[in-house]
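To start, the structure under review is shown below, and the notes come after it.
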Amino acid sequence: MVDNILIKNALAIVTCNHQNDIHYNSDLIIDGPEIIKIGKNLNAGDARIIDGKDMFVYPGLVNTHHHFFQAFVRNNVWLDWTKLDVMDWIKQIYEFFKLIDSDSIYYTSLSSMSELIKHGCTTAFDHQYCYPKHAGKLLIDRQMEAAELLGMRFHAGRGTNTLPQEKGSIMPDEMVETTDEFLKDCDRLISKYHQYEKFGMKRIVVAPCQPVNCYPETFSESVKLARSKNVSMHTHLGEGEDPIIVERHGMRSLQWCRELGFVGPDVWYAHGWDLQDEEIDLLAKLKTGISHCPAPAFLGGFNVLNIPRFYAKNVPLGLGVDGHASNDNSNLMEIIRTTYLLQCHAAGQRDLPIPPPQEFLKMATAGGARLLNRDDIGTLEEGKAADMFLLDTRKLEYVGTLHDPASLPVKVGISEPVTMTIINGKVVYEDGKLKGINESEIFDKAQKTCKKVIYSDSNYKFSVENFNKQVED
Ligand SMILES: [Zn+2]
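Read in order, the letters of the sequence shown are residues -19 to 453 in the working numbering.
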């Protein structure tokens, strides 16, 4: 059954549209998956009425980079980024990731997506490149099951690593696939799941993991497949890999991607903190976007993305929580504020001013939609998808903040779970509860799976000892 909803007399509806409109003391009507009207004194027949008297209403957040499968390797004090560079860290952490199985993918997806929804995120992109041979190929299928159970709008990035270790890859061989295997599975997933229509809930992205762990043809063939099927592409870029790519191919990663055709408005990269000024200009020209994930800058001390320059050049910018191995939580709302704080911290080293606070909210909404190549989500406007979150502002912690609803999630931050999350016209989270699931029951099954796969005595002992040994070496 499709719900019709009338949000009555909302204190503020923050649209995040081009003109930064905010509708005060206004109503919003949802008919099926769509926002059909925003205005004053509206009626909607027998629709469910939500009292908006103390509510701020925002577009649902759009997460543009993540690795759900990493959720089972969190909260480990020995995983210390400050002692490792990215490539060393990848080598270590894969001792655990190669243990992942199909059930792990399902429960880590449920865990990550639940946390995203509770904090106002309505569209999740995941970069799933973990394919240990024993786990089989039906891993994104398990993620689709999880997204459907929670009612989340989901873009699944089918990743891969094709280069074996003997050719210089840092990926364990049991996680390496052939380019043909990868393309065949992308093709299968697109045919089975990709919903091209407006308000599509499931989409597929062709997403080889990263230049250092793939043959060039994995990227060039990805371009051919993705463009023939009209789907987007994604990979990691500008995160410390350039010296390896220069040594191997005689050029930096962005140029390498450009020569292989892996650039354009249907491509976005994760990170980009190592991109040089002229490369930022090139991204602007190519309309290729960046998913900025600030967590690695905090945890690993990596360069702070030059957002003022990206912003001034109108490079498409979105935000991402990043995988759990470099961010132990999955809270995109928190990322909005940490992105802003980090930019303020670096402002003294910039020749351009940082964007106004509300622009950081827009990176997490309209900006994310732009990266995912969607014009039907990311703003609250008539004709757009009914993806939004509501915040009850009548709480002591919000006293003194209500005069600027668009800057509140950025400067003040919304640290608690939101009051309500609506996705595609359906209430999926309300009164602290995820709709249609027994969270406690799923928790038990998920925790049991995590213990079996990662923290069984033999696996964990072996892996931690191995990890410590390699760090000491
Ligand atoms: Zn990543």
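Idealized CB from N, CA, C, for every residue including glycine.
Inter-residue spacing [alpha-carbon to alpha-carbon] between residue i and residue j
i        : j      : result
Ile18    : Asn0   : 15 angstroms
Ala(-10) : Leu8   : 8 angstroms
His251   : His46  : 11 angstroms
Glu334   : Ala264 : The question names Glu, but residue 334 is Ile in the sequence shown. So the alpha carbons of these two residues sit roughly 18 angstroms apart.
Lys406   : Met132 : 10 angstroms
Gly116   : Ser82  : 8 angstroms
Arg138   : Leu266 : 23 angstroms
Asp153   : Ala187 : 19 angstroms
Leu85    : Asp424 : Correcting the residue identity first, residue 85 is Ile in this sequence and not Leu. Ile85 and Asp424: Cα-Cα distance of roughly 15 angstroms.
Leu205   : Leu163 : 8 angstroms
Val433   : Pro13  : 38 angstroms
Boundaries of the alpha helix (DSSP H) in which residue i is found, first to last residue
i      : result
His216 : Looking at the DSSP string, His216 is not in any alpha helix (DSSP H); the run it does join, the beta strand (DSSP E), is Met213 to Leu217.
Cys466 : Missing from the structure shown is residue 466; the chain here goes from -19 to 453 and no further.
Gly280 : Ala275 to Gly280
Ile224 : Asp222 to His229
Enclosing beta strand (DSSP E) for residue i [first to last residue]
i      : result
Glu410 : Lys406 to Glu410
His114 : Where His114 is concerned, there is no enclosing beta strand (DSSP E), given that its DSSP letter is neither H nor E.
Met35  : Met35 to Pro39
Lys265 : Lys265 -> not in any beta strand (DSSP E); alpha helix (DSSP H) instead, spanning Asp257 to Leu266.
Leu143 : It is not in any beta strand (DSSP E) - Leu143 carries neither H nor E in the DSSP assignment.
Asp31  : Arg28 to Asp31
Any non-hydrogen atom of ligand 1 within 7 angstroms of residue i CB
i      : result
Ala264 : no
His229 : no
Asp81  : no
Gly303 : yes
His135 : no
Ala115 : no
His214 : no
Ala250 : yes
His45  : yes
Per-residue DSSP class, three states only, for residue i
i        : result
Ile402   : strand
Val203   : helix
Lys(-12) : strand
Tyr435   : coil
Trp58    : coil
Asp453   : Low per-residue confidence applies at Asp453: pLDDT is 48, beneath 50, and the placement is therefore not dependable, though the value from the model is reported in the following sentence. In the structure shown, Asp453 sits in coil (DSSP, three-state: anything other than H, G, I, E or B).
His325   : helix
Lys63    : helix
Val192   : helix
Leu96    : helix
Met(-19) : Unreliable positioning characterises Met(-19) in this predicted model, as indicated by a pLDDT of 45, which lies under 50. The coordinate reading is nonetheless provided below. Three-state DSSP puts Met(-19) in coil, outside helix and strand.
Asp81    : coil
Phe179   : coil
Arg232   : coil
Asp254   : coil
Residue i Cβ short of 7 angstroms to ligand 2 heavy atom set
i      : result
His272 : Because ligand 2 does not appear in the structure shown, any question about it cannot be addressed here, the ligands present being ligand 1.
Give, in chain order, every unbroken run of the alpha helix (DSSP H) that is at least 4 residues long and sits entirely within the region 152 to 177.
159 to 173
Starting from the N-terminal side, write out each stretch of the beta strand (DSSP E) that is 3 residues or longer and does not extend beyond the region 328 to 406.
368 to 372 and 400 to 403
Any chance you could list the alpha helix (DSSP H) runs of at least 4 consecutive residues sitting entirely within the region 278 to 305, in chain order?
287 to 292
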